[in-house]
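The structure appears below as structure tokens.
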Amino acid sequence: MDDQRTPSPESASHGTSRRTLLTAVGLGVAGLGVAACAPADEAASGAAQASPVSNATPPNCVLAPEAIEGPYYIDRKLIRSDIREDRQGVPVELNLRVVDAKSCAPLPGAVVDIWHCDALGYYSGHLDLDPNVAPMPDPHIDPTDPSTFLRGTQISRADGEVTFRTIYPGYYFGRAIHMHVLVHVGDKRVHTGQLYLPEELNARVVATMPYSDRPGAPERVTNETDFLYQQQGGAQSTLRVQPLGPDLSHGFRASLSMGVTPDETPPPATFTPPPTT
Numbered sequence: 058m059d060d061q062r063t064p065s066p067e068s069a070s071h072g073t074s075r076r077t078l079l080t081a082v083g084l085g086v087a088g089l090g091v092a093a094c095a096p097a098d099e100a101a102s103g104a105a106q107a108s109p110v111s112n113a114t115p116p117n118c119v120l121a122p123e124a125i126e127g128p129y130y131i132d133r134k135l136i137r138s139d140i141r142e143d144r145q146g147v148p149v150e151l152n153l154r155v156v157d158a159k160s161c162a163p164l165p166g167a168v169v170d171i172w173h174c175d176a177l178g179y180y181s182g183h184l185d186l187d188p189n190v191a192p193m194p195d196p197h198i199d200p201t202d203p204s205t206f207l208r209g210t211q212i213s214r215a216d217g218e219v220t221f222r223t224i225y226p227g228y229y230f231g232r233a234i235h236m237h238v239l240v241h242v243g244d245k246r247v248h249t250g251q252l253y254l255p256e257e258l259n260a261r262v263v264a265t266m267p268y269s270d271r272p273g274a275p276e277r278v279t280n281e282t283d284f285l286y287q288q289q290g291g292a293q294s295t296l297r298v299q300p301l302g303p304d305l306s307h308g309f310r311a312s313l314s315m316g317v318t319p320d321e322t323p324p325p326a327t328f329t330p331p332p333t334t
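Taking our numbering, the leading residue of the sequence shown gets 58, the next gets one more, and so forth.
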């Protein structure tokens, strides 16, 4: 249903376990339920290319839509900000902010996991899966190789923010371009989400190398035709994007804020599969 493949193994010494890191920073906060908070500066910075639905400034605290995890999550325990390894593509500086959903105060010490496919649609750990054909419908698929590109974990700073250096994702059969995010507070998972990018920008990026070097590529699913985008709050999960230079080679800064409500547990995301033809 979601996620896949490509090589570049990284030794265990390059990662730190979530449990070890939580112990080190003294995290004992329990709580669940996540909200997206869009401060005015964030909304203004991405007004031109942000949400494909509306350019209006969002309210301060709006519950972030829960989304399915997808079958390709791997807890590699890779505490790192640069997740690119050898993957080529348009550079992206991904800035995510974790805040308290009730007060919108920054929440330090939250554990944020990110993973997404490469420019050709492959997920690390699943290089055996062809992104040009329909993925298996399993809710989880065990990894088949040790590659780790485009996966990583960061701990939110005093301002509630984490920053990842990555590339603009490609796409695979049946899905719009997206990233995955998990947020933990203490030992508890408080949010499972999928992050999208503006459709106009998607079209520009996939027309360039290495995204376009793809014989047999499937027809690309847009945000508006992606069933999970439509059913799981894709418009509210669309990153706000700023160019970092005059052309695509300079890359983008992509931002979104997420807030945790410690006294609520978000229910698992559900969806209705698209009709088969």
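We put the CB at the ideal spot given by N, CA and C, even for glycine.
Comparing alpha-carbon positions, which option in GLY231, VAL219, SER213 and GLN251 lies nearest ALA326?
-> Cα-wise, what sits closest to ALA326 is GLN251.
What number of angstroms, rounded off, separates the C-alpha of PRO64 from the C-alpha of PRO203?
-> Residue placement at PRO64 is flagged as unreliable, the pLDDT there being 34, under the threshold of 50; the coordinate-derived value follows with that caveat. The alpha-carbon atoms of PRO64 and PRO203 are separated by roughly 8 Å.
Among ILE234, LEU207, THR205 and VAL149, which has the Cα closest to the Cα of PHE284?
-> Residue ILE234 is the option with its Cα nearest to PHE284.
Counting pairs of beta carbons, one from the segment 129–148 and one from the segment 206–220, are three or more of them closer than 8 Å?
-> Yes, the segment 129–148 is in contact with the segment 206–220.
Could you check which residue in LEU164, TYR129 and SER306 has the C-alpha nearest to that of SER181?
-> Out of LEU164, TYR129 and SER306, TYR129 has the C-alpha closest to the C-alpha of SER181.
Option in GLU142, ASN189, TYR179 and HIS241 with minimal Cα separation from PHE221 = Of GLU142, ASN189, TYR179 and HIS241, the residue nearest in Cα terms is GLU142.
Residue ranges of each alpha helix (DSSP H) run of no fewer than 4 residues wholly in the segment 221–292, ordered along the chain?
-> With a minimum length of 4 residues, the continuous alpha helix (DSSP H) runs that stay inside the segment 221–292 are 256–263 and 284–288.
Residues sharing a beta bridge with ARG297, DSSP | Partner(s): SER312.
Do three or more CB pairs link the segment 186–202 to the segment 153–161 at distances below 8 Å?
-> Contact between the segment 186–202 and the segment 153–161 is absent, because fewer than three Cβ pairs lie under 8 Å.
SER306 to PRO148 span [Cα, whole Å] = About 7 Å.
Given 8 Å as the limit, is there contact between the segment 277–297 and the segment 178–192, that is, 3 or more CB pairs closer than that?
-> Touching, no, given that fewer than three Cβ pairs across the two stretches are closer than 8 Å.
LEU305 in three-state terms, based on DSSP | The DSSP-derived three-state label of LEU305 is helix.
Just curious, the beta strand (DSSP E) that LEU153 is in, first and last residue?
-> 148–157 is the extent of the beta strand (DSSP E) around LEU153.
Helix, strand or coil at THR201 [DSSP, three-state] | Note: THR201 maps to coil in three-state DSSP.
Three CB pairs or more closer than 8 Å across the segment 239–247 and the segment 289–302 | Touching, no.
Could you check what DSSP says for ILE131 in three-state terms: helix, strand or coil?
-> Of the three classes helix, strand and coil, the one that applies to ILE131 here is coil, per DSSP.
When the Cβ atoms of the segment 261–269 are set against those of the segment 217–231, are three or more pairs found closer than 8 Å?
-> These segments touch.
In chain order, what residues of the same chain lie with their CB nearer than 6 Å to the CB of PRO163, ignoring the 5 residues before and after it?
-> Taking C-beta separations shorter than 6 Å and ignoring five residues to either side along the sequence, the partners of PRO163 in its chain run VAL156, ASP216 and GLY217, following chain order.
Please classify GLN145: is it buried, with 16 or more other beta-carbons within 10 angstroms of its beta-carbon, or exposed?
-> Exposed, since its Cβ has fewer than 16 Cβ neighbours within 10 Å.
Can you give me the Cβ contacts of GLY273 inside the same chain, cut-off strictly under 7 Å, excluding the 5 residues immediately before and after it?
-> Short of 7 Å from the beta carbon of GLY273, and not among the five residues preceding or following it, lie these beta carbons of its own chain, in chain order: ASN189.
Do you know whose CA, among ALA121, PRO165 and ASP175, lies nearest MET348's CA?
-> Here the chain comprises residues numbered 58 to 334, so residue 348 is not present and cannot be evaluated.
Would you grab the beta carbon distance between ILE171 and LEU151 for me? Rounded to a whole angstrom, and I think it's under 8 Å.
-> So it is a contact: roughly 7 Å between Cβ atoms.
Which residue or residues does DSSP assign as beta-bridge partners of PRO163?
-> Looking at the DSSP output, PRO163 shares a beta bridge with VAL156.
ARG208 (DSSP reduced to helix, strand or coil) | In the displayed model, ARG208 falls within a strand according to three-state DSSP.
CA-to-CA distance, THR249 to GLU321, given in whole angstroms = Distance from the CA atom of GLU321 to the CA atom of THR249, rounded to whole angstroms, is 14 Å.
Relative to the C-alpha of VAL278, which residue among ASP270, TYR253 and GLY302 is closest?
-> VAL278 has its Cα closest to that of TYR253, out of ASP270, TYR253 and GLY302.
Are the beta-carbon atoms belonging to LEU301 and GLY290 less than 8 Å from one another?
-> No. Outside cutoff.
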